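The structure appears below as structure tokens.
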Amino acid sequence: MKVILSVPVHGNKDLPIGTLKSILKDADLTEDDLR
Numbered sequence: 000m001k002v003i004l005s006v007p008v009h010g011n012k013d014l015p016i017g018t019l020k021s022i023l024k025d026a027d028l029t030e031d032d033l034r
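Residue numbering for the sequence shown is 0 to 34, as defined by numbering that gives the first Met the number 0.
Written out as structure tokens, the structure is:
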């Protein structure tokens, strides 16, 4: 199943707390997958 995810990009601003974890969860990825 393909899923389209939107990732917010706002210049040099940090992502709000929980946003990255939410994106990873939606993409069925873990923090280790990014390392």
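We put the CB at the ideal spot given by N, CA and C, even for glycine. Because the structure is a prediction, the values reported are computed rather than measured.
Limits of the unbroken alpha helix (DSSP H) element including residue i
i: residue 31; result: Note, residue 31: premise wrong, no alpha helix (DSSP H); not H, not E.
i: residue 20; result: 18-25
Whole-angstrom C-beta distance between residue j and residue i, which should lie under 8 Å
i: residue 22; j: residue 4; result: 6 Å
i: residue 2; j: residue 25; result: 7 Å
Inter-residue spacing [alpha-carbon to alpha-carbon] between residue i and residue j
i: residue 7; j: residue 20; result: 13 Å
i: residue 27; j: residue 10; result: 26 Å
Cβ shell of residue i (< 8 Å), same chain only, five flanking positions each side left out
i: residue 18; result: 7
i: residue 29; result: 23
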